[in-house]
Amino acid sequence: MVREIASGDKENVSRACLFGGAWFWYASDMQHQLAVSSRVAEAPTRTERGCKLCGAPVSLRHTVDSVSYYHCGSCDFLQNFHWEDHPHVLVAQDAANADARERLWPSGDPQEMRAKGWEMLGLMSSPVAWASRHVHTALKHVPLYERWYQHSARKRFPKLLDFGCGHGTIVSELRKEGFDCIGLDPFSPVESQYILRVPISEANLPAEDLDGIFSIETLEHIPNVLETFRELHRVLRPGGVLLVQTRRLEDPDYQREQDHWFYLQEPETHVSIYSETAMRFIAARTGFRRVRFRGVKFARFEK
Ligand SMILES: [Zn+2]
2 MVREIASGDK
12 ENVSRACLFG
22 GAWFWYASDM
32 QHQLAVSSRV
42 AEAPTRTERG
52 CKLCGAPVSL
62 RHTVDSVSYY
72 HCGSCDFLQN
82 FHWEDHPHVL
92 VAQDAANADA
102 RERLWPSGDP
112 QEMRAKGWEM
122 LGLMSSPVAW
132 ASRHVHTALK
142 HVPLYERWYQ
152 HSARKRFPKL
162 LDFGCGHGTI
172 VSELRKEGFD
182 CIGLDPFSPV
192 ESQYILRVPI
202 SEANLPAEDL
212 DGIFSIETLE
222 HIPNVLETFR
232 ELHRVLRPGG
242 VLLVQTRRLE
252 DPDYQREQDH
262 WFYLQEPETH
272 VSIYSETAMR
282 FIAARTGFRR
292 VRFRGVKFAR
302 FEK
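Take the working numbering: the final residue in the sequence shown is number 304, and no numbers are missing along the way.
Listed below in structure tokens is the structure:
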């Protein structure tokens with residue numbers, strides 16, 4: 002899970018990066034020093050393997066740190082096959098990263114994580130919050146509005162899953178607020194009855210049981226996208242909402258920076274990069290009624 006600390010000042014301020022809730026920091030200047038040199042491979046521009054989403058032929062688009070990203074012209078999904086090529090290495094690396102990040106940032110600041118949890122719930126449950134960040138930001142300081150939307154969230158989305166919960170700080174903060182929230186993360190370092198430390202395919206969650214699922218900076222790590230979305234759809238009740246935060250290809254930073262885009266600088270673990278078209282394809286294939294977008298990182302899948 003990757004989370005920006007302050008989105009407005011990314012020129013000189015660190016970003017906080019977390020996968021599975023564990024934080025790690027990288028300053029933008031360090032990012033430059035460590036910037037993985039990317040190159041355009043001379044030879045093959047196609048892979049024999051088809052797109053992981055739709056099966057169409059894919060073309061080589063970026064090579065970052067010797068890992069090749071392939072783009073599907075049919076569903077506009079950017080992917081690499083690092084997981085398929087090195088599954089054991091990838092698991093070990095994610096586990097090692099989780100461990101390193103745990104030491105850097107033990108659990109996330111509860112205040113910030115609670116605010117993040119409320120942001121997720123606002124985007125899930127409040128049309129105003131979804132419609133405009135500015136309106137939402139302005140209104141959330143109006144006590145009556147805040148109380149209304151918190152009340153509405155509790156009523157409509159009492160049972161929640163944080164998919165990719167890391168340390169589970171949001172889970173415990175939302176539990177304090179009265180939600181029946183559980184987390185799932187195979188790399189979570191936390192032992193808790195509310196955190197399932199298994200892949201979702203092994204979690205055996207009951208069907209149509211959850212009112213809402215949120216997933217913060219996790220889906221870019223998922224190699225088996227359709228299988229994962231089908232499972233997330235299965236465990237949501239009809240009318241339930243899956244809210245995801247992951248950068249999409251519409252990000253102007255990507256358009257400008259291409260190989261140097263920060264989201265591509267962890268090619269071993271950022272294996273799936275979505276677009277609006279790719280997410281619409283996923284929604285249609287996995288049974289979601291529709292998907293809506295806000296900005297370049299939020300998407301709301303409605304069952
Ligand atoms: Zn495709």
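Every residue, glycine too, gets a C-beta built ideally from N, C-alpha and C.
Using the Cβ count rule (16 or more neighbours within 10 Å means buried), how would you classify H63?
buried
Any idea what DSSP makes of Y71, helix, strand or coil?
strand
With which residues is Q246 paired in a DSSP beta bridge?
I217, F299
Take every Cβ of the segment 171-179, pair it with every Cβ of the segment 227-234, and state whether three or more of those distances are shorter than 8 Å.
no
Can you list every residue whose CB sits closer than 6 Å to some heavy atom of ligand 1, going in chain order?
C52, L54, C55, A57, C73, S75, C76, F78
Closest by C-alpha distance to H83, when choosing among V65, D186, V272, L220:
V272
Is it buried or exposed for D30, if we count other Cβ within 10 angstroms and need 16 for buried?
Confidence in D30 is poor, its pLDDT being 32 and thus under 50, which makes the residue's placement too unreliable to answer from.
Rounded to a whole number of angstroms, what is the C-alpha to C-alpha distance between K306 and I223?
Because the chain here runs from 2 to 304, residue 306 falls outside it and cannot be looked at.
For the 8 Å Cβ check, are there 3 or more pairs between the segment 187-195 and the segment 129-149?
no
Using the beta-carbon count (16 or more within 10 Å), is H72 buried or exposed?
buried
Tell me whether R291 is buried or exposed, calling it buried when 16 or more other Cβ atoms sit within 10 Å of its Cβ.
exposed
Whole runs of the beta strand (DSSP E) within the segment 160-226, excluding any shorter than 3 residues:
160-164, 181-185, 211-217
Would D254 pass as a contact of V236 if the rule is Cβ separation under 8 Å?
no
In whole angstroms, what is the alpha-carbon distance linking Q80 and G241?
28 Å
Just to confirm, is the Cβ distance from G123 to Y150 under 8 Å?
yes
Just to confirm my understanding: we take F289, look at its own chain, exclude 5 residues before and 5 after, and list those with CB closer than 7 Å. What are they?
H234, F302, E303, K304
Please check the pair S126 and R157, which I expect to be a contact at CB under 8 Å, by giving their CB distance rounded to whole angstroms.
5 Å
Looking at the secondary structure, which residues open and close the alpha helix (DSSP H) in which H83 lies?
83-86
How many angstroms separate the CA atom of D252 from the CA atom of A300?
13 Å
Supposed close pair G169, S193 - CB separation, criterion 8 Å:
6 Å
Are P268 and D66 closer than 8 Å when you measure CB to CB?
yes
Can you have a look at E258 and say buried or exposed, based on whether 16 or more other CB atoms are within 10 angstroms of its CB?
exposed
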